[in-house]
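**Student:**
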Amino acid sequence: MNKGIVIFITIFMTTIGLQAKTPAQKLFKRLAKIQKKGYMMGHQDDPFYGLTWEWDEGRSDVLATVGDYPAVMGFDLGGIEVGDKKNLDSVPFTRIRQEIINHHERGGIITISWHPRNPLTGGTAWDVSSKEVVKSILSGGSQYDKFQQWMERVSTFLLSLKDRKDKPIPIIFRPWHENNGSWFWWGQELCTDEEFHGLWNMLQDKLNADGLSNLLWSYSPNLDGNWTEQRFLERYPGNDRVSLIGEDAYQWGTEEDFISQATKDLDFIGNFAQKNCKLFALTECGYRNIPDATWWTRVLKPVMDKYRICYFLLWRNYKKEYFGPAPTQEGADDFRALYKASNTLFLRDIRLTK
Ligand code: BMA
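Numbering-wise (numbering that gives the first Met the number 0), the sequence shown opens with residue 0 and increments by one.
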C-alpha cells in the first residue's frame, strides 16, 4: 500500500479511537480532572454497616460524621467465584449491586476488589499453605478449569453493573492487591514473577474479551518502604495493562515508621506514575480502631498533602476492626477538620465533575 495512504489510515483510526471513549477512558479523564482539585475520600463497605448499626438502607458512618457521603465507595467480590450469595464479609451480592448503582447515580465513584478463595486448597485468600496455587490455575495446571469458572462468575457480576439507562457503570478494578507481601495466595513468596504476570493477564484478558470496557485497572502493591524501580517493575503488569497505580498503606506500628515508609513509597510511586502517565492513589489506608484522636489531620493528612493522589480509601467499619470515622468515635472532630479542608473531596465536591 502507498505510504501516504497508510499514514492517512493510521491518523484516521487514531482519531476515531480517541473519540470513541470507553467508560473506563471517561473515568480516567474524570479522575485526572478531580485530581487537580484535591483528593477524594473513600470508604470500603460504607453503606452496609457501621460502628453502631448494620444493614439499614441509606445510612453511612461518614455521612453521619460529616454530613456528606464519601466520594469513593469500595466493594469486595470475595465469594462470588464459588457461587455464594453473600461475600466474605456477609454482604449479599444483590445488595452490593444495588449500592454500586446508588452511588453511581448520586455521582460517586466505585472501586472493586476481589479476595477470592484459594482455588487449590479451598481455604481463604489468606491461605498461604501452598506455593503451587497460582501455577495450578494457569494453562496446563490442575485447577485451570475451576478457575476459568471462577472468573466467569466475576465477569457475569461485573457485566450486570448497569445504570438506569442500561449503560455500564465505570469501576476502578483492583485485583491481586498487596502482592509484594506474602499473606495472600498470589503474594511475593507464593509465585514467581512470571506466574504473577500470567495470573494478571489471564484475568484481564478474560474480562476484556467479555467486553468489559468499564474497568479502569488499578495495580496496588502494599506499603513497602524499599521500592527500587527494578524491584517494582518485576511484578508491574505493564503500562498497557494498568491505568492507576496505588498503594495500600496502613499504620500498623509507630507513627514515625508509617510516616517515613509512606513518604518514601509515595515519593517513588508518585514519580513513577507521573513519568508513565498513570493515576495515583492510596487504594487502602487507615489506622485500626483509630487509637489516636488526632491521627487524621496530624499524621495522615500531611503525608497525603505532599502528593497528587486522586483518592484515599479507608477500610471497612466492622465493629471489631474499623478504619473509618463514626460520630461515636473519639477522632470524629478531627475527621470533621479533615472534611473541612479545601483539598479533601467528598461526594458533593465531585458529583458534578464529568
Ligand atoms: C480484611 C479484614 C477482613 C475482611 C477482608 C475483606 O482487611 O477487614 O475482616 O474479611 O479485609 O474485606
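No residue lacks a Cβ here, since even glycine has one placed at the ideal position from N, Cα and C.
Every value quoted in this text rests on a predicted model; they were computed, and no experiment measured them.
From ARG58, LYS36 and GLY37, pick the residue whose C-alpha is nearest to that of ASN357; which is it?
**Tutor:** The requested residue 357 does not occur in the structure, where the chain is confined to residues 0 to 353.
**Student:** According to DSSP, is TYR143 part of a helix, a strand, or is it coil?
**Tutor:** The answer is helix: DSSP assigns TYR143 an H, G or I state.
**Student:** Consult DSSP for PRO167 and reduce its assignment to one of helix, strand or coil.
**Tutor:** PRO167 falls in the strand class under three-state DSSP.
**Student:** Can you grab the Cα-Cα spacing for the pair PHE74 / GLY139, in whole Å?
**Tutor:** Distance between the alpha carbons of PHE74 and GLY139: 32 Å.
**Student:** For LYS343, which beta-bridge partners are listed by DSSP?
**Tutor:** The sequence as given places Thr at residue 343; Lys does not occur at that position. Answer is TYR38.
**Student:** Could you tell me how far apart the beta carbons of THR352 and ARG29 are, in whole angstroms, since I believe they sit closer than 8 Å?
**Tutor:** Right, their Cβ atoms sit about 6 Å apart.
**Student:** Should TRP314 be counted as a contact of ligand 1 given a C-beta to heavy atom distance under 8 Å?
**Tutor:** Yes, the Cβ of TRP314 comes within 8 Å of a heavy atom of ligand 1.
**Student:** So, using beta-carbon positions, are TYR338 and ASP67 closer together than 9 Å?
**Tutor:** Closer than 9 Å, so yes.
**Student:** For ASN225, does the count of other Cβ atoms within 10 angstroms reach 16, so buried, or fall short, so exposed?
**Tutor:** So ASN225 counts as exposed.
**Student:** How long is the line joining the alpha carbons of ILE308 and GLN187, rounded to whole angstroms?
**Tutor:** Going from the Cα of ILE308 to the Cα of GLN187 covers about 25 Å.
**Student:** Quick test of the definition: if touching needs 3 or more C-beta pairs under 8 Å, does the region 246 to 255 touch the region 278 to 298?
**Tutor:** Cβ pair count under 8 Å is three or more, so yes.
**Student:** Pop quiz: PRO115 and TRP149 are said to be a contact at Cβ under 8 Å. What is the actual Cβ separation, rounded to whole angstroms?
**Tutor:** Between TRP149 and PRO115 the Cβ distance is about 6 Å, and since that is below 8 Å, they are a contact.
**Student:** Is LYS205 helix, strand or coil when you go by DSSP?
**Tutor:** DSSP places LYS205 in helix when its eight states are reduced to three.
**Student:** Can you tell me whether DSSP reads ASP67 as helix, strand or coil?
**Tutor:** Of the three classes helix, strand and coil, the one that applies to ASP67 here is coil, per DSSP.
**Student:** In chain order, what residues of the same chain have a beta carbon less than 8 Å from the beta carbon of SER341, not counting five sequence neighbours either side?
**Tutor:** If we look at SER341 and ignore the five residues flanking it on each side, its Cβ neighbours are GLY37.
**Student:** Under a Cβ-count criterion, where at least 16 other Cβ atoms within 10 Å of its own Cβ denotes burial, should LEU388 be classed as buried or exposed?
**Tutor:** Absent from the structure is residue 388, since the part of the chain shown begins at 0 and ends at 353.
**Student:** Which residue from LEU278, ASP333 and PHE279 puts its Cα closest to that of ILE289?
**Tutor:** Closest by alpha carbon: ASP333.
**Student:** Kindly examine ligand 1 and report whether one of its heavy atoms sits closer than 8 Å to the Cβ of HIS114.
**Tutor:** Correct: HIS114 has its Cβ closer than 8 Å to ligand 1.
**Student:** Throw me the rounded Cβ distance for the VAL61 and GLY269 pair, which I believe falls under 8 Å.
**Tutor:** So it is not a contact: roughly 26 Å between Cβ atoms.
**Student:** Where do the ends of the alpha helix (DSSP H) carrying PHE257 lie?
**Tutor:** Its alpha helix (DSSP H) spans residues 254 to 274.
**Student:** For VAL241 and TYR218, what's the separation of their Cα atoms in angstroms?
**Tutor:** Near 6 Å, if we compare the C-alpha coordinates of TYR218 and VAL241.
**Student:** Compute the Euclidean distance between the alpha carbons of GLY180 and ILE136, then round it to the nearest angstrom.
**Tutor:** When rounded, the distance between both Cα atoms is 20 Å.
**Student:** Look up GLY77 in the DSSP assignment and give the residues it is bridged to.
**Tutor:** Per DSSP, none; premise fails for GLY77.
**Student:** Please tell me whether GLY106 and ASP88 are closer than 9 Å, where the distance is taken between their beta carbons.
**Tutor:** No, they are not a contact pair.
**Student:** Roughly how many whole angstroms lie between the Cα atoms of LEU346 and ASP55?
**Tutor:** Those two C-alpha atoms are separated by around 20 Å.
**Student:** Any idea if TRP216 is buried or exposed, counting beta-carbon neighbours within 10 angstroms, 16 or more meaning buried?
**Tutor:** It is buried - the Cβ of TRP216 has at least 16 other Cβ atoms within 10 Å.
**Student:** GLY323: beta carbon under 8 Å from a heavy atom of ligand 1?
**Tutor:** Not so, every heavy atom of ligand 1 lies at least 8 Å from the Cβ.
**Student:** Between which two residues does the beta strand (DSSP E) harbouring THR282 extend?
**Tutor:** 278 to 285 is the span of the beta strand (DSSP E), which, as asked, contains THR282.
**Student:** Below 8 Å on the Cβ atoms is my contact criterion, and I expect LEU119 with LYS318 to pass it. Report the Cβ-Cβ distance as a whole number of Å.
**Tutor:** About 32 Å; that fails the 8 Å criterion.
**Student:** With 16 as the cutoff for other CB atoms within 10 Å, does ASP165 come out buried or exposed?
**Tutor:** Classification of ASP165: exposed, given that the 10 Å Cβ count is below 16.
**Student:** Just verifying my parser: in three-state terms, what is the DSSP assignment at MET12?
**Tutor:** Any reading at MET12 must be qualified, since the residue scores a pLDDT of 44, below 50, and its modelled position is unreliable; the value itself is stated next. Looking at MET12 - three-state DSSP - the assignment turns out to be helix.
**Student:** Is the CB-CB distance between MET39 and LEU344 below 9 Å?
**Tutor:** Yes, these two residues count as a Cβ contact at 9 Å.
**Student:** Could you check which residue in TRP182, ALA31, ASN86 and ILE171 has the C-alpha nearest to that of VAL71?
**Tutor:** Nearest C-alpha to VAL71: ILE171.
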